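Enquirer:
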Amino acid sequence: MTAQLISGTHLSQQIRRDLSQRVAALTARGRQPGLAVILVGDDPASAVYVRNKVKACADTGVLSVLEQYPASLPEAELLARIQALNADPRIHGILVQMPLPKHIQPQRVIEAISVAKDVDGYSVQSAGDLMAGLPGFRPCTPYGCMKLIESTGVSLKGKHAVVIGRSNTVGKPMALLLLQANATVTICHSATPDLGLFTRQADLVVAAVGRRNTLTADMVKPGAIVIDVGMNRVPEGEPDAGKLCGDVDFDGVAGLASWITPVPGGVGPMTITMLLSNTVESAERVAT
Ligand code: NAP
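Take the sequence shown: its letter number 215 is residue 217 in the working numbering, and every next letter is one higher.
In structure tokens, the structure reads:
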């Protein structure tokens, strides 16, 4: 392996230490940051994500208010709860865990959250703020990826960045953040005919696809920075079956890249850390 590892676990710990101090300062002024987490239904993966977020709040001193509802909750009742939390001065961030049951329209729910408390950065207003280069909450996963890239000390100015994936929560905001950092950005997706043609030109590749081995060594320019957002499982019948893996063939690509994130321990820990960061920032905005 020639690449240096970008450890999201390590960077997360550093950022959380700094956040804990900011939380303590706010709490001392009677303004403890508060995050409301809403879980509707009993999806087991969502329950794990929510538990991790609540634990991260406790570890950092952020107040968390967990609201759990059955899958049958009417949409109108969920919207009414969000309105109440919008008006609650103890709460500085509101997160509704996705996916929601089929009878609830996710965009309607996201738009009901006050922009000032939209710490996931998923609303149309927050997306527009990012697009226009205005202050606002950035979606946590791409925001965390930017922090990982910054931690290498490599400037993105004039570099060619290729983002694989164009979801509203990862790929698109990632591309906009890279553009803001003065990279030249290419976005690839499932209809891109020859992915390698683009990635081989890239100084930085961000893979956010959800498909194992999407990026292999033959697709990477020597010395590139590689950020792996993917979260997949090794299929049954293969060595390491069931283990968590990313979108990048780590062993092959690490032999060529200059910097690379592992899975697990790369982007994953940063997502919750940036959620905490947005919540603390929201509380600081109110407090000043
Ligand atoms: P998504 O909404 O399913 O989007 C996947 C994107 O990949 C789509 O834009 C799709 O293109 C593109 N794609 C699919 N197959 C492709 C191919 N063969 N070549 C090139 N592009 C292809 O997923 P997401 O929410 O963005 O998440 C992506 C991955 O990141 C998933 O594994 C997810 O679990 C993971 N993730 C991790 C974290 C974390 O905290 N670590 C957070 C969020 C997501 P089309 O648009 O054309 O369909």
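Glycine residues also receive a C-beta, built at the ideal position from the N, C-alpha and C atoms.
As the structure is a computational prediction, the values presented were derived from the model and not from experiment.
#1: Based on the DSSP secondary-structure assignment, which residues constitute the bridge partners of L258?
#2: With three or more C-beta pairs closer than 8 Å as the rule, is the stretch 219 to 230 touching the stretch 135 to 152?
#3: May I ask you to check if the CB of L197 is nearer than 7 Å to at least one heavy atom of ligand 1?
#4: H162 by DSSP, collapsed to three states: which one?
#5: Do V207 and T201 have their beta-carbon atoms positioned less than 8 Å apart in this structure?
#6: On a Cα-Cα basis, can you pick out the residue from S125, R33, I106 and L102 that is closest to E113?
#7: Taking 7 Å as the cut-off, is the CB of N234 close to at least one heavy atom of ligand 1?
#8: For T263, name the three-state secondary structure that DSSP assigns.
#9: Enumerate in chain order the residues of its own chain whose CB-to-CB distance from V117 is below 7 Å, with the five nearest sequence positions on each side excluded.
#10: In its own chain, which residues sit with a C-beta less than 8 Å from the C-beta of L97, not counting the 5 before and 5 after it?
#11: Looking only at DSSP bridge pairs, what is A209 linked to?
#12: Do L178 and L217 have their C-beta atoms closer together than 8 Å?
#13: On the criterion of 16 or more Cβ atoms from any shown chain inside 10 Å, does A256 qualify as buried, or is it exposed?
Expert: Working from what's here:
#1: Your numbering for residue 258 matches position 256 in the sequence shown. DSSP output for L258 lists no bridge partner at all.
#2: With a cut-off of 8 Å, the stretch 219 to 230 and the stretch 135 to 152 count as touching, because enough Cβ pairs lie within range.
#3: Within the sequence shown, the letter at position 195 stands for residue 197. Yes, the Cβ of L197 comes within 7 Å of a heavy atom of ligand 1.
#4: On the sequence shown, residue 162 is found 160 positions in, with the first residue counted as 1. In the structure shown, H162 adopts extended strand secondary structure according to DSSP, grouped into three states.
#5: Position 199 of the sequence shown, counted from the start, is the residue given in the question as residue 201. Position 205 of the sequence shown, counted from the start, is the residue given in the question as residue 207. Cβ distance < 8 Å, so T201 and V207 count as in contact.
#6: For this step, residue 113 is matched to residue 111 along the sequence shown. A check of alpha carbon separations from E113 across S125, R33, I106 and L102 identifies S125 as the nearest.
#7: Start at 1 with the first residue of the sequence shown, and residue 234 comes out as number 232. At least one heavy atom of ligand 1 is nearer than 7 Å to the Cβ of N234, so yes.
#8: By 1-based counting over the sequence shown, the position of residue 263 is 261. T263: coil per DSSP, three-state reduction.
#9: Position 115 of the sequence shown, counting from 1, holds the residue named residue 117. Only residues of its own chain outside the window of five on either side were considered, and among them S125, Q127 and S128 have a CB closer than 7 Å to the CB of V117, listed in chain order.
#10: The residue you call residue 97 lines up with position 95 of the sequence shown. Residues of the same chain with a CB within less than 8 Å of the CB of L97, apart from the 5 flanking positions on each side, are L37, A38, V39, I40, K55, V121, D122 and L277 in chain order.
#11: Here residue 209 corresponds to residue number 207 of the sequence shown, with the count starting at 1. BP columns for A209 point to I166 and D230.
#12: The sequence position of residue 178 within the sequence shown is 176, counting from 1. The sequence position of residue 217 within the sequence shown is 215, counting from 1. Against a cut-off of 8 Å, the Cβ pair of L217 and L178 comes out as no contact.
#13: Here residue 256 corresponds to residue number 254 of the sequence shown, with the count starting at 1. For A256, the number of other beta carbons within 10 angstroms of its own is at least 16, and it is reported as buried.
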